[in-house]
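Chemist:
In UniProt numbering, the protein residues as written are 1 to 617.
#1: Run through DSSP, which three-state label would residue 461 get?
#2: On the premise that residue 130 lies in contact with residue 176, defined as a C-beta separation below 8 Å, what is that separation, rounded to the nearest angstrom?
#3: Using CA coordinates, which residue listed in 197, 522, 359 is at the minimum distance from residue 442?
#4: Among 43, 552, 557, which residue has its Cα nearest to the Cα of residue 603?
#5: Please return the same chain residues whose Cβ sits closer than 8 Å to the Cβ of residue 322, not counting the five positions on each side in sequence.
#6: Out of 523, 497, 499, 282, which one is the CA nearest neighbour of residue 509?
#7: For residue 1, I'd like the list of residues in its chain whose CB is within less than 7 Å of its CB, leaving aside the five on either flank, ordered along the chain.
#8: Check this for me: beta carbons of residue 104 and residue 54, under 9 Å apart or not?
#9: DSSP three-state label for residue 52, please.
#10: With a threshold of 16 other CB atoms inside 10 Å of the CB of residue 225, please say whether the residue is buried or exposed.
#11: If distances are taken between C-alpha atoms only, which option among 183, 112, 540 comes closest to residue 567?
#12: Indicate whether residue 204 and residue 341 have their beta-carbon atoms separated by less than 9 Å.
#13: Taking the beta carbon of residue 617 as the centre, do at least 16 other beta carbons fall within 10 Å, making it buried, or is it exposed?
#14: Thinking C-alpha only, which one of 291, 134, 110, 572 is nearest residue 124?
#15: Between 58, 24, 59, which has its C-alpha nearest residue 42's C-alpha?
#16: For the candidate residues 77, 16, 273, 406, whose alpha-carbon lies nearest to that of residue 644?
#17: Is the separation between the beta-carbon of residue 424 and that of residue 504 shorter than 9 Å?
#18: What separation, rounded to the nearest whole angstrom, lies between the Cα atoms of residue 255 and residue 276?
#19: Count the other CB atoms, across all protein chains shown, that sit within 10 Å of the CB of residue 13; report buried if there are 16 or more and exposed otherwise.
#20: Check whether the Cβ atoms of residue 84 and residue 108 sit closer than 9 Å, and answer yes or no.
#21: For residue 623 and residue 173, what's the separation of their Cα atoms in angstroms?
#22: Along the chain, where does the beta strand (DSSP E) that runs through residue 296 open and close?
#23: Applying the criterion that 16 or more other CB atoms from any shown protein chain within 10 Å of the CB defines a buried residue, is residue 316 buried or exposed?
#24: Should residue 332 be labelled buried (16 or more other beta-carbon atoms within 10 Å of its own) or exposed?
#25: Could you spell out the range, first to last residue, of the alpha helix (DSSP H) harbouring residue 62?
#26: What three-state label does DSSP hand residue 426 in the structure shown?
#27: Pair every Cβ in the segment 295–314 with every Cβ in the segment 64–74, then say whether three or more of these pairs are closer than 8 Å.
#28: Which runs of the beta strand (DSSP E) spanning at least 3 residues fall entirely within the segment 504–567, listed in chain order?
#29: Within 10 Å of its beta-carbon, does residue 227 have 16 or more other beta-carbons around it, so buried, or fewer, so exposed?
#30: Go through its chain and collect everything with a Cβ distance to residue 278's Cβ below 7 Å, but skip five positions before and after it.
#31: Would you please state the rounded distance, in angstroms, between the beta carbons of residue 418 and residue 353? I believe it to be under 8 Å.
#32: Using the C-alpha atoms, what's the distance from residue 372 back to residue 378?
#33: Go to residue 38, then tell me how far its beta strand (DSSP E) extends in each direction, as first and last residue.
#34: With C-beta atoms as the reference, is residue 618 less than 9 Å away from residue 451?
#35: In three-state DSSP terms, what is residue 606?
#36: Give me whichever residues DSSP pairs with residue 226 in a beta bridge.
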């Protein structure tokens, strides 16, 4: 844990930036700057006293910084990420720029290292200050992005170096202690807490939709770690032309292939609905001049459809809220609306920090035992079996190539298990938020009869019987007198769009009749047809009552023409318009002569003697 004292705390004012109170970030420190947006990265870029390498977790922030600082032909700040060649890095190192500033992703650091080492006059480890920005990402992302810690071994070789973040996680790597790292707190001397609306729900989709309907805004900024769900939401809300998605290159290709037009890997002009995936959660500067409004910031977590969409309340929520930079015009007061809509999973795997450390240590011990046996083994069969066990061991992910422990992977599992515990219930998550110094919590429960679990169980691959068993009872419940009308409309709109057969069956037959049929779709379909036939037949009775009169004399062709209109109006296309059909609805006389046409041909027909009010079979 970070221990804050008077000796390791520097205070900052409301209108100050880090460069106003610290001329240069000191070496061998983990800077806990408390608030995002204090200009730490910008301050290092503008620091003319030393060459710097700044490691940023994702490309968008690098693109943004280069756009900000590189005016004209001269490249003052070199951004290095996928696509940048060593030749381009060498050109910059040999340029007339006196103080070199390089901003790079962890994966591309090796190219920077190789380029600097190949230039005479530079010593990588003594001539450059290395700043690892948003340092908590090394722990949070390493489980699915192993290369994020590639620069760590080099990091400790630098004479001048620092970790920095508004939300750092204390690393357990013993080299920090060996290098005598200390913590430096940047403490605001002003009130900075912001209100966060915590919406605990059993249906993230419906709660999100309900929020948008009840709270019309100029722009929404929506943070969600699921590209698939983002695509589904945009389609379901029919907002394709009003939406922009900001995501990684791979996700962009996927969305583009599915017909989405406005998909970007870096910040572009905003639309009404702006969706951001995880790579935009930290470090990216969203300048006021680009969004020009009081931003409505919505975070979404859906543990049913996207378990990986967990948002850490102690780090990621703070970073997300901090993406929106204050206006340069001091006369403009910025008001943020921050919302987190989430469901929960009470059985999500979790451990206390102590339990997680014990878990990791036990697995490491077993791994070491297997290695000892492997070293001592002499028979090839034993050697092969032990190697296979080691290679297949899940714990191998926690081991560096040299056989040492990967402390960042260890910290990752500890952090993940602790974060999972927050999402067991709303009480835990609220307490976690209240434990930060960043948010005041305004929480509410938002429950629906149709839950996320129901939505998943009745998905497109579910049998119709299962769909009916889930959806029809819910339709029955939400249409009872006294049920919240807004929630009824919200759920009915969704259910009609997603399950038209179930809704149509419910409206025609009702809950009790479908239940009698054991929710069997084949039986329901037959019952619907019978009901429609009867209702249509009654419609024809009504038509005949209005269009045929007792005592009226009609020819056979007149009868057929008139009754054909009734068949068409009632969609009874299986019936044939003839005298025999009319005799089911009316008592007719025997056929008799009605007279002759102008050509002298005799016309025969019938007189209507009585109109029945029940169909004669």
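Just so you know, even glycine gets a beta-carbon here, dropped at the ideal spot from N, CA and C.
Modeler: The short version:
#1: Working through the chain shown from its first residue, we reach residue 461 at position 461. It is coil, neither helix nor strand.
#2: For the purposes of this step, residue 176 is taken as the residue at position 176 of the chain shown. For the purposes of this step, residue 130 is taken as the residue at position 130 of the chain shown. Contact flag wrong, Cβ pair sits at about 14 Å.
#3: As a position in the chain shown, residue 442 is number 442, starting the count at 1. Minimum Cα distance to residue 442 is reached at 197.
#4: For the purposes of this step, residue 603 is taken as residue 603 along the chain shown, with counting starting at 1. Of the listed residues, the one whose Cα sits closest to residue 603 is 557.
#5: The residue you call residue 322 lines up with position 322 of the chain shown. Take residue 322, set aside five residues on each side of it, and the residues of its chain with a beta-carbon closer than 8 Å to its own are 35, 36, 37, 166, in chain order.
#6: Residue 509 sits at position 509 when you count from the first residue of the chain shown. The option with the nearest alpha carbon to residue 509 is 523.
#7: Within the chain shown, numbered from 1, the residue matching residue 1 stands at position 1. Any reading at residue 1 must be qualified, since the residue scores a pLDDT of 49, below 50, and its modelled position is unreliable; the value itself is stated next. Only 170 meet the Cβ criterion.
#8: Here residue 104 corresponds to residue number 104 of the chain shown, with the count starting at 1. Here residue 54 corresponds to residue number 54 of the chain shown, with the count starting at 1. The answer is yes: Cβ separation under 9 Å.
#9: Numbered from 1 along the chain shown, position 52 holds the residue referred to as residue 52. Residue 52 carries a strand assignment under DSSP once its states are collapsed to helix, strand and coil.
#10: Residue numbering aside, residue 225 sits at position 225 when the chain shown is read from its first letter. Residue environment for residue 225: buried (at least 16 other C-beta atoms within 10 angstroms of its C-beta).
#11: On the chain shown, position 567 is the one that residue 567 refers to. In terms of CA proximity to residue 567, 540 leads the group 183, 112, 540.
#12: Here residue 204 corresponds to residue number 204 of the chain shown, with the count starting at 1. Here residue 341 corresponds to residue number 341 of the chain shown, with the count starting at 1. Yes, these two residues count as a Cβ contact at 9 Å.
#13: Reading the chain shown from its first residue, position 617 is the one you call residue 617. With a pLDDT of 48 at residue 617, under the threshold of 50, the modelled position of this residue cannot be trusted, and the question is left open.
#14: Taking the first residue of the chain shown as 1, we reach residue 124 at position 124. When 291, 134, 110, 572 are compared, the shortest CA-CA separation from residue 124 is found for 110.
#15: Position 42 of the chain shown, counting from 1, holds the residue named residue 42. Looking at 58, 24, 59, the one whose alpha-carbon comes closest to that of residue 42 is 24.
#16: Coverage of the chain is limited to positions 1 through 617, which leaves residue 644 absent and any answer about it impossible.
#17: Residue numbering aside, residue 424 sits at position 424 when the chain shown is read from its first letter. Residue numbering aside, residue 504 sits at position 504 when the chain shown is read from its first letter. Cβ distance not < 9 Å, so residue 424 and residue 504 don't count as in contact.
#18: The residue given as residue 255 occupies position 255 in the chain shown. The residue given as residue 276 occupies position 276 in the chain shown. Note on geometry: alpha-carbon atoms of residue 255 and residue 276 lie some 13 Å from one another.
#19: Here residue 13 is taken as the residue at index 13 of the chain shown, counted from 1. By the Cβ-count criterion, residue 13 is exposed, with fewer than 16 other Cβ atoms from all chains shown falling within 10 Å of its own Cβ.
#20: Counting from one through the chain shown, the residue named residue 84 turns up at place 84. Counting from one through the chain shown, the residue named residue 108 turns up at place 108. The Cβ atoms of residue 84 and residue 108 lie closer than 9 Å to each other.
#21: Within the shown structure, residues of the chain are numbered from 1 to 617, placing residue 623 beyond reach of any answer.
#22: Stepping through the chain shown from its first residue, residue 296 is reached at position 296. Run containing residue 296: 296–301, per the beta strand (DSSP E) assignment.
#23: Looking up residue 316 in the chain shown gives position 316. With a 10 Å radius around the Cβ and a threshold of 16 neighbouring Cβ atoms, residue 316 comes out buried.
#24: Numbered from 1 along the chain shown, position 332 holds the residue referred to as residue 332. Flag for residue 332 reads exposed.
#25: Translated into the one-based positions of the chain shown, residue 62 becomes position 62. For residue 62, the enclosing alpha helix (DSSP H) covers residues 59–69.
#26: Counting from one through the chain shown, the residue named residue 426 turns up at place 426. If DSSP states are grouped into helix, strand and coil, residue 426 belongs with the helices.
#27: Output reads no: the segment 64–74 does not touch the segment 295–314.
#28: Listed in chain order, they are 553–555.
#29: Numbered from its first residue, the chain shown carries residue 227 at position 227. It counts as buried.
#30: Here residue 278 refers to the residue found at position 278 of the chain shown. Around residue 278: 225.
#31: For the purposes of this step, residue 418 is taken as residue 418 along the chain shown, with counting starting at 1. For the purposes of this step, residue 353 is taken as residue 353 along the chain shown, with counting starting at 1. Confirmed, Cβ separation roughly 6 Å.
#32: Taking the first residue of the chain shown as 1, we reach residue 378 at position 378. Taking the first residue of the chain shown as 1, we reach residue 372 at position 372. Looking at the two C-alpha atoms, the distance is approximately 12 Å.
#33: Position 38 of the chain shown, counting from 1, holds the residue named residue 38. Element bounds for residue 38: n/a, residue is neither H nor E.
#34: Any answer about residue 618 is impossible in this case: the structure gives the chain only from 1 up to 617.
#35: Here the question's residue 606 lines up with position 606 in the chain shown. It is a strand residue.
#36: Walking along the chain shown from the start, residue 226 turns up at place 226. DSSP, once it has assigned bridges, lists no residue as partnering residue 226.
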